[in-house]
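Student: For the sequence shown, UniProt numbering begins at 1 and goes up steadily by one. Take this structure first; my questions come after.
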Amino acid sequence: MATPRVIGSDAVEDARRRGRIVFEVLPGDIVTALARETAERVGIALVDGPLERPKPPRTDGAVSMRRVLYRRSPKWVAPSRAPRKARKLGKLALIGAGGVGGNIAHLAAMADIADEIALIDITPGLAASTALDLNHTSGITGARARCVGGEAMDLVAGADVVVVTAGRARRPGMTRADLIDVNARVIRQSAEAIRSAAPNAIVIVVTNPLDEMTVEMLRATGFPREQVLGMAGTLDSSRFRNALAMAAGVTPADVEAFTLGSHGDEMAPIPSRARIKGRPLDVFLSREQIEACVQDAITGGGQVVALRKSGSATIAPAHASIELIDHIRGARTGPVPVSVMLHGEYGIDGVVLGVPAHLGAGGLVEVEELRLTAKENAALQNAAEAIRVRLGL
1 MATPRVIGSD
11 AVEDARRRGR
21 IVFEVLPGDI
31 VTALARETAE
41 RVGIALVDGP
51 LERPKPPRTD
61 GAVSMRRVLY
71 RRSPKWVAPS
81 RAPRKARKLG
91 KLALIGAGGV
101 GGNIAHLAAM
111 ADIADEIALI
121 DITPGLAAST
131 ALDLNHTSGI
141 TGARARCVGG
151 EAMDLVAGAD
161 VVVVTAGRAR
171 RPGMTRADLI
181 DVNARVIRQS
191 AEAIRSAAPN
201 AIVIVVTNPL
211 DEMTVEMLRA
221 TGFPREQVLG
231 MAGTLDSSRF
241 RNALAMAAGV
251 TPADVEAFTL
261 GSHGDEMAPI
271 PSRARIKGRP
281 LDVFLSREQI
291 EACVQDAITG
301 GGQVVALRKS
311 GSATIAPAHA
321 SIELIDHIRG
331 ARTGPVPVSV
341 MLHGEYGIDG
351 VVLGVPAHLG
361 AGGLVEVEEL
371 RLTAKENAAL
381 QNAAEAIRVR
391 LGL
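This is the structure we're talking about:
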């Protein structure tokens, strides 16, 4: 039998200091008169026990661990959700192993995007040498992708994604439209190989003039619009963000901006939707500065051509292509500007145009229609009409 407790005023005072309003008196406990007076004075009820205890809540181990970590460091914040796991491609094929294709292969190998990367180019030895060069880096980088290269188009066989960069590049004074007839033949040859050897592949067209060549790829392959995408808006948007960041004196990471329309003179940067540090552009820039940034995005590719004298941009287009591939394989989410065949979106039908879209394993998931200003919408309509004229639609 347990020894009875003697409950004095000190025990009641201790309960008060702990913030209690009830003091449990067990059978056999002896409560002194002074303890009762003290309890009445400080407002603590002496209650006969034993009291029924509520069952402790059951907490799973993960929650308990978060609580322990938080108590140890108040600055620690639990992750909101598990990191997204991207799908790794079985095979990535690149038709064109020049500046853009070679850079795409390099970036894809470093990011472990695909098990196999196939490079194809009509220039003897170019694709094979680039592939061998990339394989030689694996002893330093630890890259697991195996690269193969050659001139035969059948290397596209079994590819999950095919990026077409082959074609003649611009020279100073040339517009992208000047390349239509020459590069259309390249697209048709590529399309024939893709249709027969990789019928389930998502095709990303980078060859200029991009919107027109994306239409040509759709025609030649007979693929649905979901499978054929044009890489333009990602590149143009990057140039627009860079221009805004330089004008505002911030880093490009502080800027949210994108462009729509064609990949050319009818490009339509969208200032109304752009933000610098989460705020509208006019908080940081004048109207003249914003217009200068718009023009800088439109002429960005031409600026590179003028400086290089022979050939066009290679590094930025490669990064832009990787961005689209990442959206396709689930490494990135949300809308991304990409050229797709429109079926009534934005009031446009039967034309390939750069618009914000959601991508997935099957290519295009849906086009996201944004509210634009009257001027921005007119620019988009003008771009569609210009492409129709150039293609004779």
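Idealized CB from N, CA, C, for every residue including glycine.
So, with DSSP's three-state summary, where would you put Gly249?
Tutor: As a position in the sequence shown, residue 249 is number 249, starting the count at 1. Looking at Gly249 - three-state DSSP - the assignment turns out to be coil, as it is neither helix nor strand.
Student: In this structure, does DSSP put Val352 in helix, strand or coil?
Tutor: The count along the sequence shown starts at 1 and reaches residue 352 at position 352. The answer is strand: DSSP assigns Val352 an E or B state.
Student: Nearest to residue 414 by CA position, among Gly19, Ala379, Val6, is which residue?
Tutor: Only positions 1 to 393 of the chain appear in this structure, which leaves residue 414 out of reach.
Student: Specify the secondary structure class of Ala97 as computed by DSSP and reduced to three states.
Tutor: Position 97 of the sequence shown, counted from the first residue, corresponds to residue 97. Coil at Ala97, not helix or strand.
Student: Pro335 bridges to which residues according to DSSP?
Tutor: Working through the sequence shown from its first residue, we reach residue 335 at position 335. Per DSSP, none; premise fails for Pro335.
Student: If Ala320 sits next to Met246, beta carbons under 8 Å apart, how far is it from one beta carbon to the other, in whole angstroms?
Tutor: The sequence position of residue 320 within the sequence shown is 320, counting from 1. The sequence position of residue 246 within the sequence shown is 246, counting from 1. So it is not a contact: roughly 19 Å between Cβ atoms.
Student: Going by C-alpha to C-alpha distance, which of Arg87, Ala45, Leu46 sits closest to Ala361?
Tutor: On the sequence shown, residue 361 is found 361 positions in, with the first residue counted as 1. Ranking the options by Cα distance to Ala361, first place goes to Arg87.
Student: In chain order, what residues of the same chain have a beta carbon less than 6 Å from the beta carbon of Pro269, not counting five sequence neighbours either side?
Tutor: Counting from 1 along the sequence shown, the entry for residue 269 is found at position 269. Result list for Pro269: Phe240, Thr259, Val294, Ala297, in chain order.
Student: For Arg388, collect the residues of the same chain with a Cβ closer than 7 Å to its Cβ; drop the 5 residues on either side in sequence, then sort them by chain order.
Tutor: As a first step, residue 388 is located in the sequence shown; it is residue number 388 there, counting from the start. Cβ within range, chain order: Val351.
Student: Per DSSP, what kind of secondary structure is Lys277 in: helix, strand or coil?
Tutor: The residue labelled residue 277 in the question sits at position 277 within the sequence shown. Here Lys277 sits in coil by DSSP.
Student: Let me make sure I understand the geometry here. Which of Leu359, Asp115, Leu126, Ala118 has the alpha-carbon closest to that of Gly99?
Tutor: Here residue 99 refers to the residue found at position 99 when the sequence shown is read from its first residue. The candidate whose alpha carbon is nearest that of Gly99 is Leu126.
Student: How would you label Asn200, buried or exposed, when you count the other beta carbons within 10 angstroms and need 16 or more for buried?
Tutor: By one-based count along the sequence shown, residue 200 stands at place 200. It counts as exposed.
Student: Among Ala159, Arg36, Asp181, which one has its Cα closest to the Cα of Ala169?
Tutor: Along the sequence shown, read from residue 1 onward, the residue named residue 169 stands at position 169. Comparing Cα-Cα distances from Ala169 to each of Ala159, Arg36, Asp181, the minimum goes to Asp181.
Student: Do you know how far the Cα of Gly102 is from the Cα of Leu155?
Tutor: Here residue 155 is taken as the residue at index 155 of the sequence shown, counted from 1. Here residue 102 is taken as the residue at index 102 of the sequence shown, counted from 1. C-alpha separation (whole angstroms): 16 Å.
Student: Along the chain, where does the alpha helix (DSSP H) containing Asp154 start, and where does it finish?
Tutor: As a working note, residue 154 is residue 154 in the sequence shown. From DSSP, Asp154 is part of no alpha helix (DSSP H); its letter is neither H nor E.
Student: Quick test of your reading: Thr214 and Ser312, contact by CB under 8 Å. State the CB separation rounded to the nearest angstrom.
Tutor: For this step, residue 214 is matched to residue 214 along the sequence shown. For this step, residue 312 is matched to residue 312 along the sequence shown. Contact doesn't hold; Cβ gap of about 17 Å is too wide.
Student: What number of angstroms, rounded off, separates the C-alpha of Met1 from the C-alpha of Arg66?
Tutor: The sequence position of residue 1 within the sequence shown is 1, counting from 1. The sequence position of residue 66 within the sequence shown is 66, counting from 1. Summary for Met1: the model assigns pLDDT 46, below 50, so the residue's position carries little reliability; its value from the coordinates is reported in the next sentence. Whole-angstrom Cα-Cα distance: 43 Å.
Student: List the endpoints of the continuous alpha helix (DSSP H) containing Val304.
Tutor: Along the sequence shown, read from residue 1 onward, the residue named residue 304 stands at position 304. Start and end: 287 to 308.
Student: Kindly indicate the opening and closing residues of the alpha helix (DSSP H) around Glu366.
Tutor: As a working note, residue 366 is residue 366 in the sequence shown. Note, Glu366: premise wrong, no alpha helix (DSSP H); beta strand (DSSP E) at 363 to 367.
Student: Would you call the segment 181 to 198 in contact with the segment 160 to 168, where contact means no fewer than 3 C-beta pairs closer than 8 Å?
Tutor: Yes, they touch.
Student: If you draw a straight line from the alpha carbon of Thr221 to that of Ala248, how long is it in whole angstroms?
Tutor: Along the sequence shown, one-based indexing puts residue 221 at 221. Along the sequence shown, one-based indexing puts residue 248 at 248. The straight-line gap from Cα to Cα measures roughly 45 Å.
Student: Check the DSSP bridge columns for Ile120 and list the partner residues they point to.
Tutor: On the sequence shown, position 120 is the one that residue 120 refers to. Note: Ile120 sits in a beta bridge opposite Ile95, Gly150.
Student: For Ile204, which residues does DSSP report across the bridge?
Tutor: Working through the sequence shown from its first residue, we reach residue 204 at position 204. Per DSSP, Val163, Leu229.
Student: What did DSSP end up calling Gly102 once you bin it into helix, strand or coil?
Tutor: Position 102 of the sequence shown, counted from the first residue, corresponds to residue 102. In this structure, Gly102 counts as helix in the three-state DSSP scheme.
Student: Can you have a look at Ile322 and say buried or exposed, based on whether 16 or more other CB atoms are within 10 angstroms of its CB?
Tutor: Residue numbering aside, residue 322 sits at position 322 when the sequence shown is read from its first letter. Ile322 comes out buried.
Student: Any idea if Gly300 is buried or exposed, counting beta-carbon neighbours within 10 angstroms, 16 or more meaning buried?
Tutor: Working through the sequence shown from its first residue, we reach residue 300 at position 300. Buried: at least 16 other Cβ atoms inside 10 Å.
Student: Ordered along the chain, which non-local residues of its own chain (more than five positions away) have a Cβ less than 6 Å from that of Ser286?
Tutor: To locate residue 286, count along the sequence shown from 1; it is residue 286. Within the same chain, Ser286 has no close Cβ partners at all.
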